[in-house]
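One line per chain: the protein sequences are A and B, in this order.
With positions in the first sequence counted from 1, the corresponding number in the working numbering is that position plus 653.
With positions in the second sequence counted from 1, the corresponding number in the working numbering is that position plus 653.
Protein chains: 2
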Amino acid sequence: MNKIQESENCRNCNCKSSIFRNLTPDELEQINQGRYTVHYKAGEILFKQGTPSPHFVCLTKGLAKLYIEGYGKNLILALVKPVDYIFGPGSYVDNRHYYSAAAVEETTACLVDVNIFKRLIKQNPDFAEEFIRRVSLQAIFNFDQVVSLTQKQMPGRIADVLFYLREKIYEKNPFEITISRQDLADLSGMSKESSIRILKELKEEGILRVNGNTIEILNEKQLRQISQTG
Amino acid sequence: MNKIQESENCRNCNCKSSIFRNLTPDELEQINQGRYTVHYKAGEILFKQGTPSPHFVCLTKGLAKLYIEGYGKNLILALVKPVDYIFGPGSYVDNRHYYSAAAVEETTACLVDVNIFKRLIKQNPDFAEEFIRRVSLQAIFNFDQVVSLTQKQMPGRIADVLFYLREKIYEKNPFEITISRQDLADLSGMSKESSIRILKELKEEGILRVNGNTIEILNEKQLRQISQTG
DNA sequence: TCAGGACATTGACATTTGTCAATAAAAAAT
DNA sequence: ATTTTTTATTGACAAATGTCAATGTCCTGA
Numbered sequence: 654m655n656k657i658q659e660s661e662n663c664r665n666c667n668c669k670s671s672i673f674r675n676l677t678p679d680e681l682e683q684i685n686q687g688r689y690t691v692h693y694k695a696g697e698i699l700f701k702q703g704t705p706s707p708h709f710v711c712l713t714k715g716l717a718k719l720y721i722e723g724y725g726k727n728l729i730l731a732l733v734k735p736v737d738y739i740f741g742p743g744s745y746v747d748n749r750h751y752y753s754a755a756a757v758e759e760t761t762a763c764l765v766d767v768n769i770f771k772r773l774i775k776q777n778p779d780f781a782e783e784f785i786r787r788v789s790l791q792a793i794f795n796f797d798q799v800v801s802l803t804q805k806q807m808p809g810r811i812a813d814v815l816f817y818l819r820e821k822i823y824e825k826n827p828f829e830i831t832i833s834r835q836d837l838a839d840l841s842g843m844s845k846e847s848s849i850r851i852l853k854e855l856k857e858e859g860i861l862r863v864n865g866n867t868i869e870i871l872n873e874k875q876l877r878q879i880s881q882t883g
Numbered sequence: 654m655n656k657i658q659e660s661e662n663c664r665n666c667n668c669k670s671s672i673f674r675n676l677t678p679d680e681l682e683q684i685n686q687g688r689y690t691v692h693y694k695a696g697e698i699l700f701k702q703g704t705p706s707p708h709f710v711c712l713t714k715g716l717a718k719l720y721i722e723g724y725g726k727n728l729i730l731a732l733v734k735p736v737d738y739i740f741g742p743g744s745y746v747d748n749r750h751y752y753s754a755a756a757v758e759e760t761t762a763c764l765v766d767v768n769i770f771k772r773l774i775k776q777n778p779d780f781a782e783e784f785i786r787r788v789s790l791q792a793i794f795n796f797d798q799v800v801s802l803t804q805k806q807m808p809g810r811i812a813d814v815l816f817y818l819r820e821k822i823y824e825k826n827p828f829e830i831t832i833s834r835q836d837l838a839d840l841s842g843m844s845k846e847s848s849i850r851i852l853k854e855l856k857e858e859g860i861l862r863v864n865g866n867t868i869e870i871l872n873e874k875q876l877r878q879i880s881q882t883g
């Protein structure tokens, strides 16, 4: 479907995360040495919150969700699609995962030894700076999310999630979601019944077209308005 | 009141953040060159969300709150006390602040030119690694916070904030809060009326002693229980 | 094809939480 | 000391949201 293609070797691979752009061929070769590829079926868990975190994970195919297992409910922090990576804060603290990750679709990932990654961070200042920049972007994204979750009412939260799905994940409109209604709820901090109801209301108001898992944003302006109003 | 004391010079200063422990005397001198001290009265704003972010800010006295100005409400992300620093993610993205900071008490801070800080990050890999470690700790803290805010009911959220205040900010019990009830509400994502009511209920149940701004956790076990139950 | 299971949908209802208005208390200013 | 202003408190009520139970739909495997 697109030009992304795996390679035997990180040097020639065109499905590596752009975070690696500052690495020399030799450094890429070091990454390659400590790397292996894994396939996951939809629903399979990549790693569980609380377990050791020995890998930098780079998604080359599919879709994964990152979620915190809270008190009865889950909170989905983000969806990750190719070519992006998963590298949680625990790697620099206590080598534990602070969230779980699961494949939403059939997924392929490259795992890289975390120590190699950290060694390169210390060796290559440009790489380190790029890494810090990405961690910062992540933090900014999280700020938006926490404001949405704590200060907006349900329609506003659903609106934000729909924009996120359209702009960052599926990148088209209409888009066919591969996540469940429960996932939609876990992304927007509400019960699945509520997420279904809000979706239905937005449909009845003509703001969305919803047909099973196909969603189209019909009235972007009004949805944007709902996102703002809370 | 304590042994913390400012100095003319970062090298001899014993109120510098421990993040600087990996710097050489020469590097500390570089920090010192681009540094100046500022005093703030209670309530004064250190910087506003959206404005340029030219400084690494290190608190040497007082207490500050970091808060996102959302839709009508504020969300307090953290309180910062000496000797700790404020350095938001915008510095590595677009040089803008993504949250505001205001003095809660009479406060003193050292401001350091952000470019000097970033230069040292690139020069000194140990310093860079320590910085990444701290950013990671921050992220982990934020995870706990977002779970509390999105998955717990009001008593659980207040319980979490009370533990935070006792363990991380005032570091004693009983403790006298210097933040308002509105701030308490902004920390726990609710209206100030609700924060007052929950405090009252916890008092009536004998879990807290509340007298004006003095709070004592009387039944830690039960409060812990409330935090867990949601 | 059919049975079983997972996911989606809906309605009724209880609970949680916010809003508004009134009052009290405390702090700041004159 | 007194007024003014801010902050804290309380109660009544409305709105938002979750829970539970029933039902429908879709998909999978025998």
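Cβ atoms here follow ideal geometry from the backbone N, Cα and C, with glycine treated the same way.
TODO: List the DSSP bridge partners of ARG787/B.
DONE: According to DSSP, which records beta bridges pairwise, ARG787/B is partnered with nothing at all.
Open item on the list: DSSP three-state label for SER670/B, please.
Closed with: coil
Task: Limits of the unbroken alpha helix (DSSP H) element including THR906/A - done: Because chain A is modelled from 654 through 883, residue 906/A falls outside the range shown and cannot be assessed.
TODO: Let me know if VAL788/A comes out buried or exposed under the rule of 16 or more other beta-carbons within 10 Å of its beta-carbon.
DONE: buried
Task: DSSP-derived helix/strand/coil call for GLU858/A - done: coil
Open item on the list: Are the CB atoms of ALA717/B and ILE684/B within a distance shorter than 9 Å?
Closed with: no
Task: Other residues of its chain near GLY743/A: CB distance less than 7 Å, five sequence neighbours each side excluded - done: SER706, ARG749, HIS750, TYR751
TODO: Compare the C-beta of ARG786/B with all C-beta atoms of chain A and state if any pair is closer than 9 Å.
DONE: yes
Task: Endpoints, the alpha helix (DSSP H) within which SER880/A is located - done: 873-882
Task: Short CB-CB distance (under 9 Å) between ALA792/B and chain A - done: yes
Open item on the list: Cutting at 7 Å between CB atoms, please list the residues of its own chain near GLU680/B, excluding the five before and the five after it.
Closed with: LEU773, ASN777
- [ ] May I have the straight-line CA-CA distance separating ALA838/A from SER880/A, to the nearest angstrom?
- [x] 16 Å
TODO: Can you say whether GLU682/B is buried or exposed, counting buried as having 16 or more other CB atoms within 10 angstroms of its CB?
DONE: exposed
Open item on the list: Between LYS775/A and chain B, is the shortest Cβ-Cβ distance under 9 Å, so that the two count as touching?
Closed with: yes
TODO: Starting from GLU782/A, find everything on chain B with Cβ-Cβ shorter than 9 Å and list it in chain order.
DONE: TYR745, LYS771, ILE774, LYS775, ALA781
- [ ] Counting only runs of 3+ residues fully inside the segment 732-759 of chain B, write out the beta strand (DSSP E) ranges in chain order.
- [x] 737-739, 753-756
Task: Three-state secondary structure (DSSP) of ARG664/A - done: coil
Open item on the list: So GLN804/B contacts chain A; which residues on that side make the cut at Cβ distance below 8 Å?
Closed with: GLY723, TYR724, GLY725, LYS726, LEU728, GLY842
Open item on the list: My assumption, with CB atoms under 8 Å, is that ALA756/B sits in contact with TYR817/B. Please give the rounded CB distance.
Closed with: About 19 Å; that fails the 8 Å criterion.
Open item on the list: Against chain B, does GLN658/A count as a neighbour if the rule is that its beta carbon must be under 9 Å from one of theirs?
Closed with: Summary for GLN658/A: the model assigns pLDDT 49, below 50, so the residue's position carries little reliability; its value from the coordinates is reported in the next sentence. No, GLN658/A does not count as interfacial toward chain B.
Open item on the list: Using beta carbons (cut-off 9 Å, strictly below), is MET654/B in contact with chain A?
Closed with: The predicted model places MET654/B with a pLDDT of 33, which falls under 50 and marks its position as unreliable, so this point remains unresolved.
- [ ] Give the secondary structure of GLN718/A by DSSP, where H, G and I count as helix, E and B as strand, and everything else as coil.
- [x] Per the sequence presented here, residue 718/A reads as Lys, with Gln not at that position. Reduced to three states, the DSSP call for LYS718/A is strand.
Task: Beta-carbon spacing of LEU719/A, ALA731/A below 9 Å - done: yes
- [ ] Report, in whole angstroms, the separation of the C-beta atoms of ILE606/B and SER848/B, which I expect to be a contact under 8 Å.
- [x] Outside the modelled stretch of chain B, which goes from 654 to 883, sits residue 606/B, for which no answer is possible.
Task: Residue interval of the beta strand (DSSP E) (run including LEU699/A) - done: 698-700
TODO: Take ARG819/B as the anchor and find which of ARG850/B, ILE870/B, GLN806/B has the nearest alpha-carbon.
DONE: ILE870/B
Task: Buried versus exposed, by CB contacts within 10 Å (16 or more), TYR745/A - done: buried
TODO: Examine chain B for any beta-carbon lying closer than 9 Å to the beta-carbon of TYR817/A, and answer yes or no.
DONE: no
Open item on the list: Assuming ARG688/B is part of the beta strand (DSSP E), what are its boundary residues?
Closed with: 688-693
Task: Rounded C-alpha distance that separates PHE784/A from VAL767/A - done: 14 Å
- [ ] List the residues of chain A that VAL767/B touches, going by C-beta distances under 9 Å, in chain order.
- [x] Correct list: empty, because the minimum Cβ distance to chain A is about 13 Å.
Open item on the list: For a quick check, are the C-beta atoms of ASP737/B and SER670/B less than 9 Å apart?
Closed with: yes
Task: Bridge-paired residues (DSSP) for LEU712/B - done: ASP737/B, ALA762/B
TODO: Could you run through the segment 697-709 of chain B and flag, in chain order, every residue whose CB is less than 8 Å away from some CB of chain A?
DONE: none
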